[in-house]
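Everything in the sequence shown is counted per numbering that gives the first Met the number 0, starting at 0 for the first residue and increasing by one. From the three backbone atoms N, C-alpha and C, an ideal C-beta is built for every residue, glycine too. In this text the structure is predicted, and so the values were computed from the model without any measurement.
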Amino acid sequence: MSAKGKGRGRASGAGTVVNAVATYKGSAFGIDLWTEAEVEIGDDFRGVTAEMEVAGESRVGDTKLIERCVELVLQKFGLPLRGFVKTRSEVPVGSGLKSSSAAANAAVVATLDAAGRLKETSALDAVRLGVEAALDVGVSVTGAFDDACASLLGGFVVTDNRNQALLKQVERDSEVLFLVPEEKAFTAETNVKRSRLVAPWVSLAFDLALEERFEEAMTLNGFLYCAALNFDPEPILRALECGVKGVSLSGTGPSFVALVGEEAEAGQKGAGAELREAWSELGSRIAGRVLKTKINNQSCLSRKKSQEIIK
Numbered sequence: 000m001s002a003k004g005k006g007r008g009r010a011s012g013a014g015t016v017v018n019a020v021a022t023y024k025g026s027a028f029g030i031d032l033w034t035e036a037e038v039e040i041g042d043d044f045r046g047v048t049a050e051m052e053v054a055g056e057s058r059v060g061d062t063k064l065i066e067r068c069v070e071l072v073l074q075k076f077g078l079p080l081r082g083f084v085k086t087r088s089e090v091p092v093g094s095g096l097k098s099s100s101a102a103a104n105a106a107v108v109a110t111l112d113a114a115g116r117l118k119e120t121s122a123l124d125a126v127r128l129g130v131e132a133a134l135d136v137g138v139s140v141t142g143a144f145d146d147a148c149a150s151l152l153g154g155f156v157v158t159d160n161r162n163q164a165l166l167k168q169v170e171r172d173s174e175v176l177f178l179v180p181e182e183k184a185f186t187a188e189t190n191v192k193r194s195r196l197v198a199p200w201v202s203l204a205f206d207l208a209l210e211e212r213f214e215e216a217m218t219l220n221g222f223l224y225c226a227a228l229n230f231d232p233e234p235i236l237r238a239l240e241c242g243v244k245g246v247s248l249s250g251t252g253p254s255f256v257a258l259v260g261e262e263a264e265a266g267q268k269g270a271g272a273e274l275r276e277a278w279s280e281l282g283s284r285i286a287g288r289v290l291k292t293k294i295n296n297q298s299c300l301s302r303k304k305s306q307e308i309i310k
C-alpha cells in the first residue's frame with residue numbers, strides 16, 4: 000500500500016504537578032507554548048528524515064524522536080516508511096517544559112493528517128504512539144504519558160503511566176511562570192535510583208493531585224525532587240514568600256514552574272509580578288530567564304475531553 004500527502008499538527012508544552020519517575024504515576028498541565036509540525040509522505044522519499052527548529056536555540060538535539068513518531072504512524076496503517084517531518088517550537092529543549100512530548104505529539108498528529116487517518120484516531124491513541132516512540136528512542140524513563148496527555152489534551156491531567164491510563168482531566172485557568180536556567184537537564188540522564196528513594200512521599204503528592212489539590216501536590220513534589228536530584232530549592236521558597244501556593248521543579252529540572260493565579264488588575268501588583276522580580280534576583284545563584292505563559296485548556300485535536308478517563 001502506498002500513500003501521498005501532507006499534514007500539519009501542533010501540541011503544547013507542559014508543566015509538572017507530580018513527576019512520574021519515582022512511582023510511574025504523574026500529573027501535569029498544558030501550557031500556552033507550542034510546537035508545530037509539518038509532515039509529507041510519499042514514494043519520492045527515501046526513508047524518514049527530519050529537521051527541527053527551536054526559537055532562540057542553535058543546538059536542538061537529534062531528530063530520532065520525531066522520525067520514530069512518523070514511522071510508527073505509517074507502520075500502524077501499513078504504509079511505506081517514506082516521509083519528511085519538520086518541527087518548529089517555542090518550547091525550550093532540555094529544560095523540563097516537556098519539549099519531547101510536544102514534538103512527539105505534533106509529529107504524530109501531522110503524520111495522521113498526512114495519511115488521512117486523523118479523524119479515525121482517538122486522542123489517547125495518538126498520545127500512545129508518541130509515548131511508544133519516546134520509549135523506543137530512549138528520551139524518557141516512563142514514557143511520559145502524563146506529560147503527553149497534558150500536551151495534547153490540555154488542562155490538568157492525572158495518569159497511570161505504566162498502564163497508560165488517564166485517571167482525571169480538569170480545566171483550570173491560571174497564569175504560569177517558569178524559571179528556566181541556562182543549564183540543560185535531559186530526562187533520560189536523570190538519577191532514577193535517587194528519585195525512587197522518595198517514592199512513598201511522591202505517592203502522597205499523587206494522592207493530592209487525584210483530589211484536585213494541584214497546588215499542594217506541586218509544592219510537595221518540588222521539594223522532594225529537589226532533594227533527590229540535588230537542585231537548589233530556593234526558587235520554591237521565594238515563590239512561597241510571594242504567596243504562591245503551587246510551585247515545583249518541572250520534570251526532572253532544571254526549570255521551576257509556578258501557578259500564580261489570574262493576572263492582576265491594572266495598578267495592582269499580583270503574585271506573578273512579585274515572583275518574577277524574586278526569581279530575577281536569583282541571577283547570581285541560578286543564571287537563567289523567567290518565562291510568563293498560561294495554562295492551555297484546549298485539546299490540540301479540538302476534542303474537549305477524552306472518552307477514556309478511568310473512574
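Assuming S98 contacts G12 under a Cβ cut-off of 8 Å, what Cβ separation, rounded to an integer in Å, is found between them?
The Cβ separation is near 6 Å, so the contact holds.
Give me the residue from T186, F205 and L228 with the minimum Cα distance to S94.
Checking every option, the nearest Cα to that of S94 belongs to T186.
To the nearest angstrom, how far is it from the Cα of K85 to the Cα of D61?
Going from the Cα of K85 to the Cα of D61 covers about 12 Å.
Kindly give me the distance between the Cβ atoms of V175 and G154, rounded to whole angstroms, as I take these residues to be in contact under 8 Å.
Not quite, the Cβ-Cβ distance comes to about 13 Å (not below 8 Å), so this is no contact.
Return the Cβ separation of N190 and L228 in integer angstroms, given the expectation that the two are a contact with Cβ distance under 8 Å.
Between L228 and N190 the Cβ distance is about 6 Å, and since that is below 8 Å, they are a contact.
For A114, collect the residues of the same chain with a Cβ closer than 8 Å to its Cβ; drop the 5 residues on either side in sequence, then sort them by chain order.
A2, G4, G6, I40, V72, L73, F76 and L78.
Use the C-beta contact count for Q306: other C-beta atoms within 10 angstroms, 16 or more gives buried, fewer gives exposed.
Confidence in Q306 is poor, its pLDDT being 45 and thus under 50, which makes the residue's placement unreliable; the coordinate value appears in the next sentence. By the 10 Å Cβ count, Q306 comes out exposed.
To which residues of the same chain is A172 closer than 8 Å at the C-beta, ignoring the five residues directly before and after it?
What sits at residue 172 in the sequence shown is Asp, not Ala. So the qualifying residues of the chain are E261, K293, I294 and N296.
Using a Cβ-Cβ cut-off of 6 Å (strictly less than) and excluding sequence neighbours within five positions of K183, which residues of its own chain qualify?
Same-chain partners within the cutoff: G93.
Since D159 is in the beta strand (DSSP E), which residue starts that stretch and which ends it?
Unbroken beta strand (DSSP E) run through D159: F155 to D159.
Straight-line CA distance for L196 to Y224?
Those two C-alpha atoms are separated by around 10 Å.
Applying the criterion that 16 or more other CB atoms from any shown protein chain within 10 Å of the CB defines a buried residue, is L236 buried or exposed?
The residue in question, L236, is exposed, as its Cβ has fewer than 16 Cβ neighbours within 10 Å.
Should A54 be labelled buried (16 or more other beta-carbon atoms within 10 Å of its own) or exposed?
Label assigned to A54: exposed.
Return the first residue and the last residue of the alpha helix (DSSP H) that R237 is part of.
E233 to E240 is the span of the alpha helix (DSSP H), which, as asked, contains R237.
Please report the Cβ distance between A88 and S150, rounded to the nearest whole angstrom; I am assuming they are in contact, meaning their Cβ atoms lie under 8 Å.
Just to set this straight, residue 88 is Ser in the shown sequence, not Ala. Between S150 and S88 the Cβ distance is about 12 Å, and since that is not below 8 Å, they are no contact.
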